[in-house]
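Notes for the one structure printed next.
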Amino acid sequence: MSITLDLSRATPATPNLGPVNLAGLTRQQIATALVEAGVVSPSQAKMRASQIWGWTQHHGLTSFEGMSNIAKETRALLADRFVLDRPQIVERQESIDGTTKWLIRFAPGIEAETVFIPDVGGGSGALCVSSQVGCTLNCTFCHTGTQALVRNLTAAEIVAQVQTARDDLAEWHVGPGERRLTNIVFMGMGEPLYNLDGVATALDIVSDDQGIAISRRRVTVSTSGVVPRLTELGERTGAMLAISLHAVTDELRDVLVPINKAYPIAQLLDAIRAYPGLSNAKRVTFEYVMLKGVNDSPAEARALVELLRGIPAKINLIPFNPWPGSPYECSSGNRIHAFADIVNAAGYASPIRTPRGRDILAACGQLKSQSEKTRASARRAAEAG
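Residue numbers (the working numbering): 47 to 431.
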């Protein structure tokens, strides 16, 4: 079945036939590119790559001209051979609640959405990044899942989402205490564990304390439950773990999250218990979308508590975010609060996530597909006119 395919190396990016873009590369990748282009000797490559990396990752430069610790002649040579480009922002939308969504084009036909959610928990802001264009998992409550997988995003393309947001928020030259973008969540388009190489490398770049410097403890990777990759995720990234659970029985989860047919709940929970570093100080987050009449009963709340007993965890209750054609409705406020009361009484923190960006289809489960449909509809209207 398609849900069991290992897509971590599926469909590589289309080769870039133009100048090499150094903006989102690792130090080693920059060094290799410099040597291959004949710009520096192998003995000079490490030093020069570190200089370029610092200017791009710490200062956010998009031009070689401002790299004052590199000789003018070398800067001209770099500008002749390389670029420091950002991807194209196709569309920028801002919600009435301050949420910002960017539709970003990395290459022709390769687009993904990135969302900045301000004021999440004590004034911090979270950037929701995508790891794939499209998705293979077909979770029935998720709009993104209606778009077929195009390909994995490269590590540089994932990093570019963070750089684009920092450009827009003017955060390259502010102190740590002044930042609005403090957290990153891999909760955008795609299944991060099917692109673990790209996600892990991107996380290495954005968490480097000489660059963007977002702590690994402030990075959360959300997965629908690709069990064979969970331990590797923890060992390679040190990231916080979030699990899209959404049901307490295999029968229902098989429908809501079809990957459950390959990795059922008991197998998933065993893997979570073995997640590297899991403790009361590093709890796993279980995400539970509230669907009216589907998974929101008091009996299911009690079953959820029993299911997770002994696992250091918190449980995010997510009011369902509607999208055109969805077969589901959001649970009532009273139903959600009653569910939360049962979970809280058992000793689990169970915050009810406030929907953010619904008016621009930037909320959980709403990304990309509607943007495609909206633009296609606009084009048809223009052509008819």
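Glycine included, every Cβ here is placed at the ideal spot set by N, Cα and C.
Asked                                                                                                                                                                              : Found
Cα separation between N390 and F128?                                                                                                                                               : 55 Å
Using the DSSP secondary-structure output, state which residues sit across from G171 in a beta bridge.                                                                             : L227
Please report the straight-line C-alpha distance between C45 and C174, rounded to a whole angstrom.                                                                                : Any question about residue 45 goes unanswered here, given that the chain covers just 47 to 431.
Look up W99 in the DSSP assignment and say whether it is helix, strand or coil.                                                                                                    : helix
Quick check: the Cα distance between A395 and F152, rounded to an integer number of angstroms?                                                                                     : 39 Å
With DSSP as the reference, identify every bridge partner of Q139, one or two as the case may be.                                                                                  : K147
With distance defined between alpha-carbon atoms, name the residue in F232, L227, H219 and V85 nearest to T432.                                                                    : Limits of the chain in this structure are 47 at one end and 431 at the other, which puts residue 432 out of reach.
Is the Cβ-Cβ distance between G70 and E203 less than 8 Å?                                                                                                                          : yes
So, at 7 Å on beta carbons, what are the nonlocal neighbours of Q256 in its own chain, with the 5 sequence-adjacent residues on each side left out?                                : G100 and H104
Would a C-beta distance cut-off of 8 Å place S378 and E333 closer than the cut-off?                                                                                                : no
Might you give, ordered along the chain, the residues of its own chain that have their beta carbon closer than 6 Å to the beta carbon of A293, omitting 5 neighbours on each side? : R299, L302 and N341
In the DSSP assignment, the beta strand (DSSP E) including P365 goes from what residue to what residue?                                                                            : A359 to P365
Return the Cβ separation of T210 and R132 in integer angstroms, given the expectation that the two are a contact with Cβ distance under 8 Å.                                       : 6 Å
Taking C-alpha atoms, which residue in Y374, I398, E375 and P373 lies nearest to F385?                                                                                             : I398
Apply the 10 Å Cβ neighbour rule to E375 and answer buried if 16 or more other Cβ atoms are within range, or exposed otherwise.                                                    : exposed
Secondary structure at I311, three-state DSSP: helix, strand or coil?                                                                                                              : helix
Whose CA, out of P65, G84, D214 and C185, lies closest to the CA of E137?                                                                                                          : D214
Does the distance from the CB of Q90 to the CB of I116 come in under 8 Å?                                                                                                          : no
Could you tell me which of L80, M235, D165 and I150 sits nearest to L183, measuring between CA atoms?                                                                              : M235
Within 10 Å of its beta-carbon, does S18 have 16 or more other beta-carbons around it, so buried, or fewer, so exposed?                                                            : Residue 18 lies beyond the stretch modelled for the chain, which goes from 47 to 431, so this question has no answer here.
Excluding the 5 residues preceding and the 5 following N326 in the sequence, name in chain order all residues of the same chain whose CB lies nearer than 7 Å to its CB.           : P358
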